[in-house]
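Asker: So that we are looking at the same thing, I have put the structure below in structure tokens.
So, in structure tokens, the structure goes:
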């Protein structure tokens, strides 16, 4: 049970990282606002690492 929960959290973390990369790319492509994209990327990365750390 714990293994499947950890696997699901890893999957969600991967999706969050993907979302962060997408936000970064979108901000660079459309607005050219590096800080906004970087902030979104860092927030998603922090959420992903926190999620994995909590379910460990």
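Numbering (our numbering), first residue to last: 8 to 63.
For each residue, glycine too, the CB sits at the ideal point set by N, CA and C.
Using 10 angstroms around the beta-carbon of residue 21, count the other beta-carbons present and answer buried if the total reaches 16, otherwise exposed.
Answerer: By the neighbour-count rule (16 or more Cβ atoms within 10 Å), residue 21 is not buried but exposed.
Asker: Report the rounded CA-to-CA distance for residue 15 versus residue 50, giving the unit in angstroms.
Answerer: One C-alpha to the other measures close to 20 Å.
Asker: To which residues of the same chain is residue 52 closer than 7 Å at the C-beta, ignoring the five residues directly before and after it?
Answerer: Taken in chain order, the residues that qualify are 24, 27.
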